[in-house]
Amino acid sequence: MNTTRPCGCKGMRSCLKCEQDFQIEKVSLRENLQKFESLAFCVECDRFYPGWEPEKVRQQHPWHQEQVGVDLPGVVVKENFLTMKEGQQLLDSLDHLLPWTLSQSGRRKQNFGPKTNFKRRKLSNGQFKGFPDFTAFIQRRFKEIKILDNFQTIEQCSLEYDPSKGASIDPHIDDCWIWGERVVTVNCLGNAVLTLTLYEETKDLHNLNNLQKYNLAMVANYQQFLREPLFSKKKIQIFENKVLRIPMPNLSLIVLYGPARYQFEHSVLREDVSERRVCIAYREFTTMYLEDGEFSDKGKEILENSLKIYRTCENKI
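For the sequence shown, this note's numbering assigns the number 951 to the initial residue and increments by one for each residue that follows.
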């Protein structure tokens, strides 16, 4: 149904409300995925083991040393990145100091960053003037995480998932034309699961061909953590007809990079959102928009503004 709807959904995206109001039949992604072998990520081992529910797989951790887990470079799950007090303060500020706007698939959002047109690949600063003051400590804390010590946020997006609306996000790869190597999510409220499926390279839906325009090794400070920037076609075959499940605990930090970021689509199934979930997604520029990059002139103003913060108490809603 290629129409914009009052609930915020458009195109092929849908939530429970518009599915009911417009008699939209939505195929269950979960049912389709459960036909395949599932592997869940154990945060204790940093490896995947057979199972659908990450929590149950973690409970089996004492016996994992007797198993050969599956390794996928580029997955970081750091529990308790936020304290309970910090999570509650963030949530209160997001709800009371900033307006939520409708988004697709039963979600709401708050977006801070440049103006982008993905179809035409056009970028401008737009109204971007920096980030809210009460979130600044999160970006400062990134420097304590080795994989993020040189991460410069140029987009910050708060996302709310409401289970009563069937909130979810369909399988996708974050667009490679503009967003860089590390995809970061901070969970402020609620537990969920990130589902990964091998990307079928039949057509370039996510501008993956832009990877040919820059060298991943240019991001020198994190290459030491990535044994293989991308898997070979032969090695990636072990993930065919498999579903990977990564826990996203409340107050945790999730990072995808390397093979996990570029060679798998990630999604959040509506069945994995059982309570209100609020997270903040962080994105960096590709190297093409950084200093000495092909389009560094277009990224300069945005990078300068990304270092600014502004007081939100004056904009209280």
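Glycine residues also receive a C-beta, built at the ideal position from the N, C-alpha and C atoms.
Asked	Found
What number of angstroms, rounded off, separates the C-alpha of Gln1275 from the C-alpha of Tyr1260?	What is shown of the chain runs 951 to 1267, which leaves residue 1275 out entirely.
DSSP three-state label for Val1026, please.	strand
If I'm right that Arg997 touches Asp971 with Cβ under 8 Å, what's the distance once you round it to whole angstroms?	Contact flag wrong, Cβ pair sits at about 44 Å.
Looking at Ser1108: is its Cβ nearer than 8 Å to the Cβ of Ile1230?	yes
Tell me the DSSP secondary structure of Ala1117 in three-state form.	coil
On the premise that Val1143 lies in contact with Ile1196, defined as a C-beta separation below 8 Å, what is that separation, rounded to the nearest angstrom?	7 Å
Can you tell me the Cα-Cα spacing of Asp1083 and Asn1255, whole angstroms?	13 Å
Provide the residue span of the alpha helix (DSSP H) that contains Cys968, from first to last.	966-971
Which residues does DSSP pair with Phe1031 in a beta bridge?	Paired residues: none, contrary to the question.
Can you list, in chain order, the residues of its chain with a C-beta nearer than 6 Å to that of Leu1032? Leave out the 5 residues immediately preceding and following it.	Leu1201
Taking the beta carbon of Pro956 as the centre, do at least 16 other beta carbons fall within 10 Å, making it buried, or is it exposed?	exposed
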